[in-house]
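Residue numbers (full-length UniProt numbering): 1 to 942. For reference, the structure is listed below as C-alpha cells.
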C-alpha cells in the first residue's frame, strides 16, 4: 500500500520516504524548552525495549492512572475475548487562554477504541517501512464484516506519549470526507502502540500520479485538488465545542506532502499523517498535526519560513500549509514532485531559502496561466498574501466547471477517470454513454473531448458522459430526458439524415442592437462555428460550490422549460446570452456606450461564473416581464453569506451581476457580500499593478477598468446605506482630489459608467465618510461641531457647480443624458451633505437643493431621456423625497418612480415604499433619521 524506503532514493523525482501517520521529525522540539523532571531508578530500568517498559508505555498511552510508578506492572488480567477495550485519552487545552501550557489543561476525555482482539495480519512482515515505523496490511473483523485496514506501528524512540495522546485526541475528533478516518489502536505490533486506519487501495498521491500519468486527464487531477483543498479547509476552520461553547481552533497540518495524501479505490484523496507530532511551543489557538522540522524529502513541499530559522521559531501555520498546497497543486497537474530536477535536499534549501527562488514554471498543458498564478500566490514570500484554503476550494471549483464545459465527464459515476484503480468487484454494467442508454440506442463510444460520443455529436444532443452506473443526478429522470430528446428530434427530422461527420453548434456570432447603438457582430470565444444543439440542463454535484463570490451559492435559474431554450452549447445557455446583451445589459448600465458590448461579451464567454450570473439575470428579467411586477429576491436559505475574493475578472464581473440581480429584485437581500468581493478584488488589482493609483488604473485593460469603476460607484452608494467608510475613499482622493491632475483621460472618467462626474463621485464618498465619522463620534462622546463644519466646507468646495460648454456639434443624446444625470447627483449630494450637518429638514440649504434637484429632473424632458436619467438617480430621489415635507415635491418624486415601474425590474417600488414609511413616521410625530431607516432596510440605492 505504501511502498517507501528508509533512505532517500537517488532518482531525480524522488519523494519522501516516510508514510502516513508518521512523525515528520526525529527531534522532539518541545523537549528542548521544557525542563524534564529527574527520573527515578525504576524509571531508568524500564526502557521501552524491555517488557516492563513496554507495558508501562502502553498503559500510559491508555490513560490508566495507577498509584504505582509509571512503569510498574499492574498485573491486570486480560479482557474476555469478546470484549472491546477503550483507551481514555486525556486531551489538553487547545490554548483558548493565552499563557496556558497546552499539556497541562485537560478539557475532555476521549475514548479510543482498542481493536487488538479484532485485527488479523495479512502477513507477518510489514508492507512498507520508514524511519519512524512500519505499515502492515491487516483485516479488521468489524460488526459489518471483514475490512482491509492499514496498521502503523510506531518506533518508540521517535515517540512522545504525552504529545501522542494529545494529537490522537485531535485526530479522533476530525470528521470529514477528505480526512483519513481514525479507527482505533492495537498493541500487538512491536514495542509501542499501533494505529488503525482504512486501507487505501491506490496508496500515496505520489505513487498514484506516477502509476496513472497516462490516463489522468485535467478534470481528474482537479478532482484530486478539490478533495485536498476541502480537507485542508476543514482543518483550518476546525472548531471545538466544550460545555456549550464553540471556539475556532484551526488545525495546522504542518507536513502536507505527496506521501501524506492517500488515494482510495475510487480515486478520492484523503489527508493523512495525524497524531504523531512532537511537543513544541504553540501559537495560541492552533493545533499542530506534524512536527516542524522536515524529514528527508519533505523539503520539496515545505514553506521557506520553516527552513530558514531555528526550530524554536519555525512554527508551521495555516499559511505554510497553503505554501505546501501550491506544491501539491504543481505535483498533481504535472505528475512530478516539486523540484524534481534537484536530487538533494540541500540543493532545494539553497534555492528556496538562500536565493529566494520560486519553482520554475513547467512546460505542461495542464498548467494554465490561471493555475500558475494561483500557485505563485501560494508561494508568496509574504505569508499574509497567500490565499486561504477556502479560496483554494473556489478556485478549483471554477477550474472544474471550466474543464467540464470543455470535455465530457469521466466514465465513473463519481466523475473519476478510467485510469483509476477500482475495486475488483466494480465492473461496467452497460456500454455506451448515458444519453444513448436513455434513448435505448447503440452508442459508437468514440469519445471526443469537446462533444462526448460521436453519436450525440451527430444528433446534436448533449452527451451526458460515460459510467458503469447512472449518477445520482440522472436517476429517476430518464423518462423526462427521453421525452425531451424525442420531442427535439421530432422537431428537427433532418438531423437524423445527417452524415456522421456533421457537427452542430450554435452560430459563431451574436448580433445586438442597443438604444442609439449600431449593430455589432462579436465573436464567441468559447464556441466554434456550427448550428443548434439540444442541451438538457443537469447540474453536476459541483454546482452548489459554483458561487459568486467564491464559496457563495448562486440561486439557480429556472430550467423547467429547458426544451424552449435548447439552441445552446454544452453548459452554456447560448440563447440567453444574446438576450442578456440585447435586453438586460442596457438596464444594468444605462449610460455606457457601445464599447461595453465587446467588454461584457468577452467577460461572459471567458468565465463560467460570469455566464452563470448573466443567465440568472436573464431568468429574472424574463419572469418579471412575463409575470407580476416586483419580483422578489431569492430565499435566504438558497444564499449563504461566505464572501471570498474572486479569482478572475470574470468572477468579479459576476459579483457585480449578482449585485444587479438583487437590485432588479428590489434592492434588498445579500448584495453586500457580492459587492465586497468585487471591491476587494479591484483593490488588490490596483495595489498589485503600481504604487500610483493614476497609473494603476490606466494600465489595466478595458474590462478591468470597467469592473473597478463600477465597483467604485456601487461601493460609494452602498456606503450611504450602510453608514460606513467607502472602501475606495483613499483611491478616489488620489484620483480626483485637490492635488490630482484631471487630464480628461477616458480611462479615469466615471461619466461613461454611471453618468456622474469624477469630483461628484469623490464628494459622495467624502459625505458618506463624514456621516460615518459623525455617527462614531456621537457614540463615543468625541463629537466636535467645529470639526464637522470644517470638513463639510471642504466637501462644499468640491461640489461647486461647473459650467458645461455648449458644443452642439459634438453634443449627443448620450452625453446630454450623462450631463443631466450628473447635475441631479450634484444637487442631491448637497442635500445629503446638509442633512448630515443638520437634522432639521426645513434647513434652507436642504430645501433649496431639493428644489434644484427637482429642476434638474424636469430638464430631462422626453420620456426616453427621463427614463435613463431617473433610473440612474434613484439614490437622489430617495434622499430628497425622505427630506421634504412639501406635498407637491412628494407627489413629483412618487410619480417619477411609478413611471419606471413599467420596466418591472428594479428597486423603484421599494424606494417609494421606504419614502412613504419615513413620511408616515414623521407625521406621527416621531423623530426619523432617514439614514437609520435606510440602514435598517439594507437597501442598495443604485
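We put the beta carbon where it would ideally sit given N, CA and C, even for glycine.
Linking residue 702 to residue 923 through their CA atoms gives a straight-line distance of about 50 Å.
Around the beta-carbon of residue 781, fewer than 16 other beta-carbon atoms lie within 10 Å, marking it exposed. Straight through space, the alpha carbons of residue 777 and residue 784 are spaced by roughly 8 Å. Linking residue 120 to residue 385 through their CA atoms gives a straight-line distance of about 49 Å.
Burial is judged here by how many other beta carbons sit within 10 angstroms of a residue's own beta carbon; residue 441 has fewer than 16 and is exposed. Following the DSSP letters along the chain, one finds residue 917 inside the alpha helix (DSSP H) bounded by residues 908-923.
Comparing C-alpha distances from residue 714 to each of 660, 822, 147 shows the shortest one belongs to 660. Contact annotation: residue 586 and residue 821 have beta-carbon atoms that are not nearer than 9 Å. Using a Cβ distance threshold of 9 Å, residue 148 and residue 137 count as a contacting pair. Around the beta carbon of residue 350, fewer than 16 other beta carbons lie within 10 angstroms, which makes this residue exposed. Counting only residues of its own chain and dropping the five nearest sequence neighbours on each side, residue 478 has a CB closer than 7 Å to the CB of 438. Taking C-beta atoms as the reference points, residue 194 and residue 153 count as a pair closer than 9 Å.
For residue 887, the secondary structure class from DSSP, reduced to helix, strand or coil, is helix.
Within a 10 Å sphere around the beta-carbon of residue 706 sit 16 or more other beta-carbons, which makes this residue buried. DSSP links residue 719 through a beta bridge to no other residue. With 16 or more other Cβ atoms inside 10 Å of its own Cβ, residue 761 counts as buried. With respect to the C-alpha of residue 434, the residue from 482, 913, 722 having the closest C-alpha is 482. Between residue 324 and residue 255, the C-beta spacing is below 9 Å. According to DSSP, residue pairing for residue 148 in a beta bridge involves 139.
Under the three-state reduction of DSSP output, residue 607 falls in the coil class, being neither helix nor strand. When beta bridges are read from the DSSP output, residue 362 appears opposite no residue.
For residue 192, the secondary structure class from DSSP, reduced to helix, strand or coil, is coil.
Within a 10 Å sphere around the beta-carbon of residue 576 sit 16 or more other beta-carbons, which makes this residue buried. Looking at the DSSP output, residue 239 bridges to 248. Counting only residues of its own chain and dropping the five nearest sequence neighbours on each side, residue 362 has a CB closer than 7 Å to the CB of 334. Rounded to the nearest whole angstrom, the CA to CA distance from residue 271 to residue 371 is 22 Å. Assignment of residue 175 by DSSP, reduced to helix, strand and coil, places it in the coil class. When rounded, the separation of the alpha-carbon atoms in residue 675 and residue 929 is 25 Å. Secondary structure note for residue 650: its alpha helix (DSSP H) is the uninterrupted segment 649-664. Remark: C-beta atoms of residue 692 and residue 734 approach each other more closely than 9 Å. With fewer than 16 other CB atoms across the displayed protein chains lying within 10 angstroms of its CB, residue 786 is exposed.
Annotation: the continuous alpha helix (DSSP H) that includes residue 377 extends over 369-378.
Going by C-alpha positions, residue 858 is about 10 Å away from residue 892. In this chain, the alpha helix (DSSP H) harbouring residue 333 covers 318-334. Between residue 911 and residue 880, the beta carbon gap of about 11 Å keeps them out of contact (Cβ cut-off 8 Å).
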